[in-house]
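Asker:
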């Protein structure tokens, strides 16, 4: 009998999607996350699966998370990704979205692969290869992947979102949180760390400079209702309804134009992402242009070695 994924997980909604992705790598499947698709293949559910440590991540967790998010990004049927944390903890019944990096394995140059993760001595050949010899901060790569993927990512927060986990919810497009158990805390300054990118500067764009500085400088705990009041959370719902409401939100998004949603996400991003954001937006605009008769005429004229006929196409104003 398969173990329970999470108390909030409705098995009737999902199909296991992990085996095909993880099967490309060592091991039979993911160990630190779970990965599911809705039965119609249009929604992905990616969840941290280390509830005994409040879903803290280690380098191996981030490797798996990146693979799952990238798989969802490149699947043309998926339009919405739910990012969440399984639970509760078998030790104390606590809930968590993600509590950030596991401080027990933080070295002077980042988070270290451990023998328990790899079955190897650090730095030897194997799944992680020479990467195991150096500390990692590649959760930032996951942040960028979420930010730039042309699909909506919803943070589904059943409990603690702290430290690097708090930054992950910030970079998601939307956040829905449990009224009873949702907790938000930015612990960076408590542990000698700081997210000077999306986790702080973009967070300030979301809730304002004063509130953002309070969250980071005081490192106090905020419940879901207070986070909603600040503007850090979109919806607060009863804990038992959390994943059901997240799926409903995803289903609503899926009734919209995929092209419009993609362009809107990149338009919202562009104002904060500088030249990179402009490039992403412009690239998608180019893709749209390729679908016009005017662009087809330009391509065909080049291939047919003739002058293009721009006559049918007006100078719009």
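In the numbering used here, the protein residues as written are 1207 to 1523.
C-beta atoms are modelled at their ideal positions from N, C-alpha and C, and glycine is treated no differently.
#1: Taking only the alpha-carbon atoms, compute the straight-line gap between residue 1511 and residue 1494 and give it to the nearest angstrom.
#2: What are the uninterrupted segments assigned as beta strand (DSSP E) that are 3 or more residues long and contained completely in the segment 1385 to 1460, given in chain order?
#3: DSSP state of residue 1512, grouped into three classes?
#4: In three-state terms, what does DSSP make of residue 1326?
#5: Output the distance between the C-alpha atoms of residue 1265 and residue 1345, rounded to the nearest integer angstrom.
#6: DSSP three-state call for residue 1260: helix, strand or coil?
#7: Leaving out the 5 sequence neighbours to the left and right, which residues in its chain are closer than 8 Å to residue 1245 when beta-carbon positions are compared?
#8: Please state whether the Cβ-Cβ distance between residue 1459 and residue 1259 is less than 8 Å.
#9: Can at least three beta-carbon pairs, one atom from the segment 1452 to 1466 and one from the segment 1395 to 1406, be found at a separation below 8 Å?
#10: Less than 8 Å between CB atoms is the rule here; does residue 1356 satisfy it with respect to chain B?
#11: Taking contact to mean 3 or more Cβ pairs, one atom from each stretch, closer than 8 Å, check whether the segment 1346 to 1365 and the segment 1412 to 1419 are in contact.
#12: Tell me the DSSP bridge mates of residue 1288?
#13: With a Cβ-Cβ cutoff of 8 Å, do residue 1428 and residue 1376 count as a contact?
#14: Provide the residue span of the beta strand (DSSP E) that contains residue 1302, from first to last.
#15: Give me the Cα-Cα distance between residue 1320 and residue 1466, rounded to the nearest whole angstrom.
#16: At which residues does the beta strand (DSSP E) containing residue 1345 begin and terminate?
#17: Using the three-state DSSP reduction, which class does residue 1342 fall into: helix, strand or coil?
#18: Near residue 1307, which residues of its chain fall below 8 Å by C-beta distance, leaving aside the five closest residues on each side in sequence?
#19: Tell me which residues share the same chain as residue 1518 and place their Cβ nearer than 6 Å to its Cβ, disregarding the 5 neighbours each side in the sequence.
#20: Quick check on DSSP: helix, strand or coil for residue 1225?
#21: Residue range of the alpha helix (DSSP H) that residue 1488 falls in?
#22: Let me make sure I understand the geometry here. Which of 1350, 1278, 1240 and 1295 has the alpha-carbon closest to that of residue 1387?
#23: Give the C-beta separation of residue 1474 and residue 1486 to the nearest angstrom, bearing in mind that I take them to be a contact with Cβ-Cβ under 8 Å.
#24: Less than 8 Å between the CB atoms is what I'm expecting for residue 1199 and residue 1271, so what's the real figure, rounded?
#25: With contact counted as at least three CB pairs below 8 Å, one residue from each stretch, are the segment 1380 to 1397 and the segment 1349 to 1357 in contact?
#26: Do you know offhand how far residue 1500's Cα is from residue 1506's?
#27: Give the secondary structure of residue 1374 by DSSP, where H, G and I count as helix, E and B as strand, and everything else as coil.
#28: Identify every residue that forms a DSSP beta bridge with residue 1239.
#29: Secondary structure at residue 1280, three-state DSSP: helix, strand or coil?
#30: Determine the extent of the alpha helix (DSSP H) in which residue 1217 is found, giving its start and end residues.
#31: Go through its chain and collect everything with a Cβ distance to residue 1391's Cβ below 6 Å, but skip five positions before and after it.
#32: Cβ atoms of residue 1283 and residue 1248: under 8 Å apart, would you say?
Answerer: In terms of the structure at hand:
#1: 24 Å
#2: Within the segment 1385 to 1460, the complete beta strand (DSSP E) runs of at least 3 residues are 1389 to 1391 and 1441 to 1443.
#3: coil
#4: Here the model assigns residue 1326 a pLDDT of 37, short of 50, so the residue's position is not dependable and the matter cannot be decided.
#5: One C-alpha to the other measures close to 8 Å.
#6: coil
#7: 1219, 1220 and 1221
#8: no
#9: no
#10: The question asks about chain B, but that chain is absent: this structure has only one protein chain.
#11: no
#12: 1251 and 1360
#13: no
#14: 1302 to 1304
#15: 44 Å
#16: Careful: residue 1345 lies outside any beta strand (DSSP E), inside the alpha helix (DSSP H) at 1345 to 1354.
#17: DSSP, reduced to helix, strand and coil, places residue 1342 within a strand of the structure shown.
#18: Closer than 8 Å at Cβ, skipping near neighbours: 1262, 1263, 1264, 1317, 1345, 1369, 1370 and 1399.
#19: Nothing listed; no residue qualifies.
#20: helix
#21: 1480 to 1496
#22: 1295
#23: About 11 Å separates the two Cβ atoms, so there is no contact after all.
#24: In the structure displayed, the chain extends from 1207 to 1523; residue 1199 sits before or after that span and is not available.
#25: no
#26: One Cα belongs to residue 1500, the other to residue 1506, and the distance between them is close to 10 Å.
#27: helix
#28: 1254
#29: coil
#30: Judged by DSSP secondary structure, residue 1217 falls outside any alpha helix (DSSP H); it is assigned neither H nor E.
#31: 1368 and 1427
#32: Contact flag set, yes.
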